[in-house]
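Shown next, in structure tokens, is the structure this report addresses.
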Amino acid sequence: MMIDLKPKITQALRSNAALISLLGRDTKGNVKVYAETAKEVDLPYVTIFELVNFDNKYLDDVPVSSDIHFHIDVFSAWNTGPIAVAVNQAMEDLGFIRTAAVDQNEKNTGTFHKILRYKIINYGS
1 MMIDLKPKIT QALRSNAALI SLLGRDTKGN VKVYAETAKE VDLPYVTIFE
51 LVNFDNKYLD DVPVSSDIHF HIDVFSAWNT GPIAVAVNQA MEDLGFIRTA
101 AVDQNEKNTG TFHKILRYKI INYGS
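If you want it as structure tokens, here you go:
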């Protein structure tokens, strides 16, 4: 029972009014939330990666739920806090639980980087 939540998360973040305001749009008109590594995008932006996706409960040898974990990076030239708060609210609205939040300063670029990790148990809906 492989469940792909990346499109749902991407859509939720791209349609979030706070994130639209905080991130702006790229040259293609998309809100700067990417389901892969962003290439040549001006700060700030957000990237999404699935870390774990495995069946965790079975009924008569058939999977009935999945344990799914996501890693979200917030990149900014300044304080990542407001963007991270908006991402967190959107993820909680989707039913995710935050499992980690770590600040990291990318010294070689001067970019501020917030790492957010989330998990959810999904029952196929």
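Heads up: the sequence shown at position 115 corresponds to 115 in UniProt numbering, and the numbers run straight through without jumps.
Cβ coordinates follow ideal geometry from the N, Cα and C atoms, glycine included.
Query	Result
CB of D55 within 7 Å of CB of P44, strictly	no
Local Cβ density within 10 Å of I83, reported as buried at 16 or more and exposed below that	buried
Touch test, the stretch 60 to 75 against the stretch 99 to 114, Cβ-Cβ under 8 Å, three pairs minimum	yes
Endpoints, the alpha helix (DSSP H) within which T111 is located	Per DSSP, T111 belongs to no alpha helix (DSSP H); it is in the beta strand (DSSP E), 111 to 122.
Three-state class that DSSP yields for T37 in the structure shown	coil
Where I72 falls: helix, strand or coil (DSSP)	strand
Residue environment, Y123, which counts as buried when at least 16 other CB atoms sit within 10 Å	exposed
Nearest candidate by alpha-carbon position, reference A77, set T109, K32, K39, A90	T109
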